[in-house]
Amino acid sequence: MTQGGLKQKVARLRQAYAPHEHRPLGGYLAAMGTYAAVTASLAGLVRATGRPVPDRPAPADVVLLSIATHKLSRLLSKDAITSPLRAPFTRYDHPIGSGEVMEHVRDRGSSTRHAIGELLSCPFCLAVWVATGFTGGLVLAPRLTRLVATALTAVAASDFLQMGYAVAQRAAEGGDHDEK
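Letter by letter, the sequence shown follows residues 38 to 217 in the numbering used here.
Now the structure itself:
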């Protein structure tokens with residue numbers, strides 16, 4: 038197939054997939070390829086270092102990494118302080134409370150830029166990458182990975198306690214108003 042024929046086939050596929058909406062399939066393909074390369078590199082590094090891979094992870098590690106993955110994914114994708122990392126790919130919309138912001142993906146530019154914007158502004162999407170990093174870290178540098186994951190887990194627990202405190206405070210203040 039010629040270069041021109043391939044481009045036409047890809048254009049038809051893109052149009053058939055999302056006729057009324059821009060979907061950056063090429064950017065998604067680049068992101069998937071990058072993820073596959075990162076994962077293969079981690080696996081190669083594990084193999085090259087001869088680190089043992091556990092038959093099954095300890096349940097405590099699964100819980101620790103799950104909570105740390107949640108926190109780091111939200112921190113990277115929604116926290117106001119990390120917005121400079123997302124700024125080349127997203128546009129600020131409005132605050133969403135608790136130090137988080139809502140952003141929209143920039144539609145202009147390359148499909149890769151668009152896909153990166155979606156990845157960086159979506160905690161669910163980013164969690165796959167974060168969990169992969171933590172999992173690789175658990176094999177390559179378990180003590181350091183557990184230490185970092187413990188700190189992130191403590192921050193996540195603190196977040197929930199802060200939110201619970203705020204709810205309790207509002208309830209108490211509402212109770213005071215009812216008595217007056």
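Glycine included, each C-beta is placed from N, C-alpha and C at the ideal position.
Check                                                                                                                                                                       : Outcome
Could you round the C-beta distance between residue 51 and residue 62 to whole angstroms and report it? I think they count as a contact, below 8 Å.                         : 6 Å
Beta carbon of residue 117, beta carbon of residue 138: below 8 Å?                                                                                                          : yes
Inspect the beta-carbon positions of residue 114 and residue 160 and report whether they are closer than 8 Å.                                                               : yes
On the DSSP letters alone, give me the boundaries of the alpha helix (DSSP H) that residue 165 sits inside.                                                                 : 160-177
Go ahead and label residue 188 buried or exposed: buried means 16 or more other beta carbons lie within 10 angstroms of its beta carbon, across all protein chains shown.   : exposed
Answer with buried or exposed for residue 140, where buried requires no fewer than 16 other C-beta atoms within 10 angstroms of its C-beta.                                 : buried
Do residue 186 and residue 105 have their beta-carbon atoms positioned less than 8 Å apart in this structure?                                                               : yes
Pick helix, strand or coil for residue 38, following the three-state DSSP scheme.                                                                                           : coil
Over the uninterrupted beta strand (DSSP E) stretch that includes residue 130, give me the two end residues.                                                                : 127-134
Let me check understanding here. Comparing Cα to Cα, which of 136, 110, 131 and 211 lies closest to residue 171?                                                            : 110
Would residue 78 be called buried (16 or more neighbouring beta carbons within 10 Å of its own) or exposed?                                                                 : exposed
Cα-Cα, which of 203, 148, 102 and 201 is closest to residue 180?                                                                                                            : 102
What would DSSP say about residue 141, mapped onto helix, strand or coil?                                                                                                   : strand
Buried or exposed: which applies to residue 158, given that a residue is buried once 16 or more other Cβ atoms fall within 10 Å of its Cβ?                                  : buried
For residue 119, collect the residues of the same chain with a Cβ closer than 7 Å to its Cβ; drop the 5 residues on either side in sequence, then sort them by chain order. : 112 and 113
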